[in-house]
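*Asks:* Position one of the sequence shown corresponds to residue 3 (our numbering), numbered consecutively onward.
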Amino acid sequence: YRRPGSSVTAGTVHFRGRDLLRLSTRELRGVRGRHVSLVPQNPTTALSPGLRVLDQLGEAMRVHGVGRSRADRLRRGRELLDQVGLPHPGTVGRRYPHQLSGGQQQRVTIAMALSCSPELVVLDEPTTGLDVTTQAQVLELLARLRAELGMALLYVTHNLGVISAICDRVGVLYAGRLVEEAPTSELFASPRHPYTRGLIESVPSLLAPDRPRRVPLRGLLRREELPPGCPFAPRCDFATEHSRDEPQTLQFVAVDHRVACERWREIPALSTAIPPEQRSPAPAPSADGPPLLEVADLDLAYGRPRRWRPAGPADALVVRDVGIAVRPGETFALVGESGSGKSTIARAVGGLLAPRAGTISFEGDRVAGTAERRSRTLRREIQLVLQNPDASLNPRQRVREVVGRLLELFFGLGRREREARVLELLEDVRLPGAFATRYPDELSGGERQRVAIARAVGARPKLVLCDEVLSALDVSVQANVLDLLRALQADQGVAYLFISHDLAVVRAIAHRVGVLYRGELCEVGPAEDVYVPPYHPYTHALLAAVPEVGRTIPPRAEVTAEPLPVSELTPRGCAYAHRCRFKLGAICDVERPPWRSVDGAHEIRCHRTPDDLRALETAPTHAVAGST
Numbered sequence: 003y004r005r006p007g008s009s010v011t012a013g014t015v016h017f018r019g020r021d022l023l024r025l026s027t028r029e030l031r032g033v034r035g036r037h038v039s040l041v042p043q044n045p046t047t048a049l050s051p052g053l054r055v056l057d058q059l060g061e062a063m064r065v066h067g068v069g070r071s072r073a074d075r076l077r078r079g080r081e082l083l084d085q086v087g088l089p090h091p092g093t094v095g096r097r098y099p100h101q102l103s104g105g106q107q108q109r110v111t112i113a114m115a116l117s118c119s120p121e122l123v124v125l126d127e128p129t130t131g132l133d134v135t136t137q138a139q140v141l142e143l144l145a146r147l148r149a150e151l152g153m154a155l156l157y158v159t160h161n162l163g164v165i166s167a168i169c170d171r172v173g174v175l176y177a178g179r180l181v182e183e184a185p186t187s188e189l190f191a192s193p194r195h196p197y198t199r200g201l202i203e204s205v206p207s208l209l210a211p212d213r214p215r216r217v218p219l220r221g222l223l224r225r226e227e228l229p230p231g232c233p234f235a236p237r238c239d240f241a242t243e244h245s246r247d248e249p250q251t252l253q254f255v256a257v258d259h260r261v262a263c264e265r266w267r268e269i270p271a272l273s274t275a276i277p278p279e280q281r282s283p284a285p286a287p288s289a290d291g292p293p294l295l296e297v298a299d300l301d302l303a304y305g306r307p308r309r310w311r312p313a314g315p316a317d318a319l320v321v322r323d324v325g326i327a328v329r330p331g332e333t334f335a336l337v338g339e340s341g342s343g344k345s346t347i348a349r350a351v352g353g354l355l356a357p358r359a360g361t362i363s364f365e366g367d368r369v370a371g372t373a374e375r376r377s378r379t380l381r382r383e384i385q386l387v388l389q390n391p392d393a394s395l396n397p398r399q400r401v402r403e404v405v406g407r408l409l410e411l412f413f414g415l416g417r418r419e420r421e422a423r424v425l426e427l428l429e430d431v432r433l434p435g436a437f438a439t440r441y442p443d444e445l446s447g448g449e450r451q452r453v454a455i456a457r458a459v460g461a462r463p464k465l466v467l468c469d470e471v472l473s474a475l476d477v478s479v480q481a482n483v484l485d486l487l488r489a490l491q492a493d494q495g496v497a498y499l500f501i502s503h504d505l506a507v508v509r510a511i512a513h514r515v516g517v518l519y520r521g522e523l524c525e526v527g528p529a530e531d532v533y534v535p536p537y538h539p540y541t542h543a544l545l546a547a548v549p550e551v552g553r554t555i556p557p558r559a560e561v562t563a564e565p566l567p568v569s570e571l572t573p574r575g576c577a578y579a580h581r582c583r584f585k586l587g588a589i590c591d592v593e594r595p596p597w598r599s600v601d602g603a604h605e606i607r608c609h610r611t612p613d614d615l616r617a618l619e620t621a622p623t624h625a626v627a628g629s630t
């Protein structure tokens, strides 16, 4: 079986007793979509931008002969949109994909996958780009649909918390080979392969930050260095000459539990303690000195300059009245759902978006709104690392040119000095010097992100803006990059404005946390305080939605209503009022909530007092387990 760019060289794929690899192209078209369907990772690229939602659903049904007429298919499409939890199916069905949020788009791809009632649905990282509340809603949806429709799911992901929440059995792949397979509960309780054990111990825990993480995975997967035997041998502490030379075959270690490791009996249990250096981020800097970065009363909006459009009302604000401070050597994290304004604030701090109101000060001096009006020194001292290194690294430049460009721009280094400094920076981010001659497409995702970090720290910045730098990486690479960021902070004293929707990662690295909802701060405080009661109602909903490794009960999506469009937000009332479980009454709709002090530097913006919230809220450890 062949297709452009790939081929199957051996093996079989049986579905309902038929080997799919032996079917003709026409026969495969009858299987795809009708009996086996796919939910892709990125719904934005999977959905046709030129077709309305109902037309896309109808097209899949028409191809496979589902429905006797277009009216039947439209009716079935509306039923599917309602089934996947989209409000007002008729209205949503008339929209184009770009008029929907990321979570809504993913629900549409799920509806399309279900349109022909398949027996098997393959889900390829369907929640990777979604925030935790939307992810929890999608997981609840999949669990409900599986129970109602009796379909099988093949779920492909690197998110171990999601696996723990939704899967019955798990297969662990390394370098294209199955190294372990077991029931979900048994795999997380008693992993037998060193790679599986390393994966589990690499995951930061939200609800138990001191959960063991003694043996994180070392190194990175390098396919060009794989030995003829076990592919994991170059990174394995239990490897022998025999395992390096001889392929490891799957063998049963328990009922329904197989592992490809000849030394599985010697693999110790999961760790029971954490070395101090892995327990938390670097010590918090002193709060006595002046802040490095101070943002006050910040309002931000997107829109074309006035001269390009007719006069009209001011653009709707996407960030309103935000104030934060970041001290030297500190990690301040901004968390919240997609669309909450996290990246917009980073763009303003980096000089890519001019504020509509408010001030941005750096080392006590007010700075210009846009980068071209800032001094070269200031542009050097504030650096940005973006979410997607594929888009932020020039594909036509070698690594030495990507990293060396800032050295030339800010320090005027000659070629020899520049190349020597590039090698030092690659060593700082744990990459071999030989990588200097490679192009970005010759590196893995984690390696590319390390190059982006090397470029940023090469400017010797005082503040690095980290915008979702870990969201596309698997857990083992995430752990390595987190360790790298901690080490750079300890060695160079750099401060981070860390933006993420992964609350477990934030707890592992941040000193202080700010929680954003629809462009407004609703809670600010030290990380150890923000993650324990009392919470702002929105923070409580975020924490309850996080899937946790080892938990078999899916996370609960407390936030179910769609957020109001930015155009409907008004200066009056609480922005979260229409979604809040603990809404106090009409006052939440008409009066902006005050800031209330919980303890020291921990503040919550809510009409309810901290004592009220403490009495109402159930800690997420219990809420996820099913408390009401």
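Each residue gets a CB set at the ideal place from its N, CA and C atoms; glycine is no exception.
Would you report the Cα separation of Y304 and V459, rounded to the nearest angstrom?
*Replies:* Between Y304 and V459, the C-alpha separation is close to 29 Å.
*Asks:* Excluding the 5 residues preceding and the 5 following P128 in the sequence, name in chain order all residues of the same chain whose CB lies nearer than 7 Å to its CB.
*Replies:* V41, Q43, Q108 and V140
*Asks:* Taking only the alpha-carbon atoms, compute the straight-line gap between G178 and E81 and give it to the nearest angstrom.
*Replies:* 39 Å
*Asks:* Since D430 contacts L472 with CB under 8 Å, what's their CB separation in whole angstroms?
*Replies:* Not quite, the Cβ-Cβ distance comes to about 18 Å (not below 8 Å), so this is no contact.
*Asks:* If I follow the unbroken beta strand (DSSP E) through P528, where does it start and stop?
*Replies:* Per DSSP, P528 belongs to the beta strand (DSSP E) from E522 to P528.
*Asks:* Fully enclosed by the segment 411-478, which alpha helix (DSSP H) runs are 4 residues long or longer?
*Replies:* 417-430 and 447-459
*Asks:* Can you tell me whether A543 is helix, strand or coil according to DSSP?
*Replies:* helix
*Asks:* Please determine if the segment 430-442 and the segment 319-333 are in contact, where contact requires at least 3 C-beta pairs separated by less than 8 Å.
*Replies:* The segment 319-333 and the segment 430-442 do not touch, with fewer than three beta-carbon pairs separated by less than 8 Å.
*Asks:* Have a look at R146 and P196 and give me their C-alpha separation to the nearest angstrom.
*Replies:* 34 Å
*Asks:* Quick check on the burial criterion: 16 or more other C-beta atoms within 10 angstroms. Buried or exposed for R171?
*Replies:* exposed
*Asks:* In the structure shown, what three-state DSSP assignment does E127 receive?
*Replies:* Looking at E127 - three-state DSSP - the assignment turns out to be coil, as it is neither helix nor strand.
*Asks:* Using the rule of at least 16 other Cβ atoms within 10 Å of the residue's Cβ for burial, across every protein chain shown, is L56 buried or exposed?
*Replies:* buried
*Asks:* If we ignore side chains and look at the alpha-carbon of each, how far apart do V164 and F412 end up?
*Replies:* 44 Å
*Asks:* Enumerate in chain order the residues of its own chain whose CB-to-CB distance from I326 is below 7 Å, with the five nearest sequence positions on each side excluded.
*Replies:* V297, F334 and G516
*Asks:* Ends of the alpha helix (DSSP H) at S345?
*Replies:* K344 to V351
*Asks:* Inspect the CB distances between the segment 76-92 and the segment 22-36 and report whether three or more fall short of 8 Å.
*Replies:* no
*Asks:* Please report how far the alpha carbon of P535 lies from the alpha carbon of P528, in whole angstroms.
*Replies:* If I take the Cα positions, the gap works out to 13 Å.
*Asks:* Consult DSSP for G13 and reduce its assignment to one of helix, strand or coil.
*Replies:* coil
*Asks:* Please list, in chain order, all residues of the same chain as V15 whose beta carbon is under 6 Å from its beta carbon, the five residues on each side excluded.
*Replies:* L22 and L23
*Asks:* What is the DSSP secondary structure of H604, reduced to helix, strand or coil?
*Replies:* strand
*Asks:* Closest by CA to S119, which one among E188, V33 and D126?
*Replies:* V33
*Asks:* With a 10 Å radius around its C-beta and 16 neighbouring C-beta atoms as the bar for buried, classify A184 as buried or exposed.
*Replies:* Under this definition A184 is a buried residue.
*Asks:* Whole angstroms is fine: what's the gap from E470's alpha carbon to E449's?
*Replies:* 16 Å
*Asks:* Would you please state the rounded distance, in angstroms, between the beta carbons of R594 and P612? I believe it to be under 8 Å.
*Replies:* Actually they are not in contact, since the Cβ atoms of R594 and P612 sit about 18 Å apart, beyond 8 Å.
*Asks:* Taking the C-alpha atoms as reference points, what is the distance between E182 and E530?
*Replies:* Going by C-alpha positions, E182 is about 36 Å away from E530.
*Asks:* If you measure between the beta carbons of L615 and F584, is that distance less than 9 Å?
*Replies:* yes
*Asks:* Leaving out five residues on either side along the sequence, give the residues of the same chain with a beta carbon under 6 Å from the beta carbon of T136.
*Replies:* G105
*Asks:* Based on Cα-Cα distance, which residue from D323, E374 and R452 lies nearest to Q480?
*Replies:* R452
*Asks:* Should A506 and P206 be called a contact, given that it needs their Cβ atoms to be closer than 9 Å?
*Replies:* yes
*Asks:* What span of residues does the alpha helix (DSSP H) with E182 cover, start to end?
*Replies:* Unbroken run through E182 is the beta strand (DSSP E), R179 to P185; no alpha helix (DSSP H).
*Asks:* Is it the case that the segment 351-361 contacts the segment 373-386, given that we only count it when at least three CB pairs across the two stretches are under 8 Å?
*Replies:* yes
*Asks:* What span of residues does the beta strand (DSSP E) with Y176 cover, start to end?
*Replies:* R171 to Y176
*Asks:* Given a threshold of 16 other Cβ atoms within 10 Å of its Cβ, counted over all protein chains shown, does P292 qualify as buried or as exposed?
*Replies:* Per the 10 Å Cβ criterion, exposed.
*Asks:* Name the DSSP bridge partner or partners of S39?
*Replies:* V123
*Asks:* Excluding five sequence neighbours on each side, which residues of the same chain lie with their C-beta closer than 6 Å to the C-beta of F254?
*Replies:* R260
*Asks:* From the DSSP output, in three-state form, read off I501 for me.
*Replies:* Correct three-state label for I501: strand.
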